[in-house]
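Report on the structure given below.
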Amino acid sequence: MKSYTFKEKKDTRSGFGAGLAELGRKNPNVVALCADLVGSLKMNEFINENPNRFFQVGVAEANMMGIAAGLTIGGKIPFTGTFANFSTGRVYDQIRQSIAYSNKNVKICASHAGLTLGEDGATHQILEDLGLMKMLPGMVVINPCDYNQTKAATIAIAEYKGPVYLRFGRPSVPVFTSSNQNFKIGKAVKLQDGSDATIIATGHLVWEALEAAKFLYNKGISVDVLNIHTIKPLDDEEILKSVNKTGCVVTAEEHNYLGGLGESVSRVLVKNNPVPQEFVATNDTFGESGTPQQLMKKYGINYESIIDSVIKVIKRK
């Protein structure tokens with residue numbers, strides 16, 4: 024079994040900030056917009072180095088999306104920045120009509136996603152955003168797992184022509200992926216090799232999946248662990264390769280089980296190889312105020328829930 028360790032914890036939003044700053048130095052067409060949350064989105068370095076390529080729109084998220092769509096007509100590559108709730112739910116009409124429908128080259132960058140937003144509570148803890156965005160035709164949906172992968176994803180999406188939703192978070196989480204990784208949109212990353220079950224995880228739940236795999240290995244259960252950083256387009260081939268071997272799957276995400284990664288995986292399975300599946304996700308509910316650790320435990324989206332789900336799904340084979 025491969026062992027994963029970490030020397031530090033960092034928030035994934037800082038990975039976005041670092042990636043954006045690097046893009047600012049490399050690509051003169053990259054511009055940034057923010058809806059009064061520069062500090063929260065870690066955009067200061069880009070702004071300090073490129074003051075003429077930054078637009079502060081204030082608390083006017085819908086207007087920000089319209090401006091971003093317009094900037095693409097002149098060849099710019101706009102990166103919008105605000106909380107995930109305001110990046111999707113508040114501006115869905117503008118994204119659909121002005122960005123997705125006309126396939127505008129806008130990068131919608133969304134911080135503070137999911138329950139791990141923590142103390143800000145249910146109004147800000149969007150758990151529906153992946154579903155909202157993946158249903159838009161032509162929209163790429165990316166949910167990286169740590170600081171390094173978020174930085175790499177930020178840089179990679181600038182090279183992709185078309186609309187992208189990039190989701191990241193507030194809390195500090197283990198940094199365990201390579202700092203010089205080659206981020207490939209739509210390509211899963213296999214982190215563990217096993218034969219008894221497949222764990223397919225995204226975002227903050229990838230580290231939880233690795234912790235679960237370690238515990239299960241010590242109990243005599245070996246699992247494949249796939250890091251699905253790109254939810255759309257989904258890596259059907261890698262998923263099926265793993266599931267054809269193990270015969271069962273657990274999906275893990277910081278999102279409602281309705282409309283998220285788990286349902287996308289179910290679509291692949293039912294069309295190709297129906298096998299037992301368990302979902303580690305929120306159960307059609309809003310969140311509440313609390314620490315990230317408290318909320319992940321209460322709502323069943325931590326490594327303990329993944330362990331229980333693996334044991335359960337193996338019994339269903």
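For any residue, its number in my numbering is found by taking its place in the sequence shown, counting from 1, and adding 23.
Quick reminder that beta carbons are idealized off the backbone N, C-alpha and C, glycines included.
Values in this document were obtained by computation on a predicted structure and should not be read as measured data.
(1) To which residues of the same chain is F109 closer than 6 Å at the C-beta, ignoring the five residues directly before and after it?
(2) For L228, tell me which candidate among I208, A181, G285 and G185 has the shortest Cα-Cα distance.
(3) Kindly provide the ranges of any beta strand (DSSP E) runs that are 3 or more residues long and lie completely inside the region 230-298, ordered along the chain.
(4) Thinking just about the alpha-carbon of each residue, which of V129, A232, N86 and T139 is nearest to the one in G98?
(5) If L239 and L214 are in contact, beta carbons under 8 Å, what's the gap, nearest whole angstrom?
(6) What are the residues that DSSP puts in a beta bridge with R190?
(7) Does DSSP classify S195 as helix, strand or coil?
(8) By alpha-carbon positions, which one of K49, V246 and T105 ends up nearest to V333?
(9) Mind the definition here: the region 175-182 touches the region 119-126 only if three or more C-beta pairs lie below 8 Å; say whether that holds.
(10) Touch check for the region 58-76 and the region 151-160: three-plus C-beta pairs under 8 Å?
(11) Grab the span of the alpha helix (DSSP H) containing T225 for me, first residue to last.
(12) Check A181 in the structure and name its three-state DSSP category.
(13) Can you list, in chain order, the stretches of the beta strand (DSSP E) that have 3 or more residues and sit fully within the region 85-125?
(14) Can you give me the C-alpha to C-alpha distance between I330 and S287, rounded to a whole angstrom?
(15) Thinking C-alpha only, which one of E31, T28 and I70 is nearest L43?
(16) How is E31 classed by DSSP in three states: helix, strand or coil?
(17) Which whole-angstrom value is the C-beta distance of T269 and D219, which I expect to be below 8 Å?
(18) Per the DSSP calculation, Q317 is bridged to which residue(s)?
(19) Using 8 Å as the Cβ pair cut-off and three pairs as the minimum, do the region 136-150 and the region 202-211 touch?
(20) Closest Cβ-Cβ distance between E72 and chain B: below 8 Å?
(21) Would the beta-carbon of S328 fall within 8 Å of that of V291?
(22) Assuming contact is defined by CB atoms lying nearer than 8 Å, are C271 and G226 in contact in what I supplied?
(23) To the nearest angstrom, report how far apart G408 and L318 are at their CA atoms.
(24) Quick test of your reading: N166 and R190, contact by CB under 8 Å. State the CB separation rounded to the nearest angstrom.
(25) In whole angstroms, what is the alpha-carbon distance linking I100 and R36?
(26) Take L94 as the anchor and find which of N52, D116, K33 and G323 has the nearest alpha-carbon.
(27) Quick one, are the C-beta atoms of V187 and I131 less than 8 Å apart?
(28) Out of curiosity, what's the CA-to-CA distance linking C57 and F106?
(29) Tell me which residue opens and which closes the alpha helix (DSSP H) that V333 is part of.
(30) Assuming the contact rule is C-beta atoms closer than 8 Å, T305 and H278 should be a hit. Round their C-beta distance to whole Å, please.
(31) Using the rule of at least 16 other Cβ atoms within 10 Å of the residue's Cβ for burial, across every protein chain shown, is F206 buried or exposed?
(32) The beta strand (DSSP E) spanning I70 covers which residue range?
This is what the structure gives:
(1) E84
(2) G285
(3) 246-250, 253-255 and 272-279
(4) V129
(5) At roughly 14 Å, the Cβ-Cβ gap does not stay under 8 Å, so L239 and L214 are not in contact.
(6) A133
(7) strand
(8) V246
(9) no
(10) no
(11) It is not in any alpha helix (DSSP H) - T225 carries neither H nor E in the DSSP assignment.
(12) coil
(13) 100-106
(14) 21 Å
(15) I70
(16) coil
(17) 6 Å
(18) Answer by DSSP bridge pairing: none, since Q317 is not bridged.
(19) no
(20) Here there is only one protein chain, and chain B is not present.
(21) no
(22) no
(23) This structure cannot speak to residue 408, because the chain is shown only from 24 to 340.
(24) 5 Å
(25) 19 Å
(26) N52
(27) yes
(28) 10 Å
(29) Y326 to K338
(30) 7 Å
(31) buried
(32) Note, I70: premise wrong, no beta strand (DSSP E); alpha helix (DSSP H) at N67 to E72.
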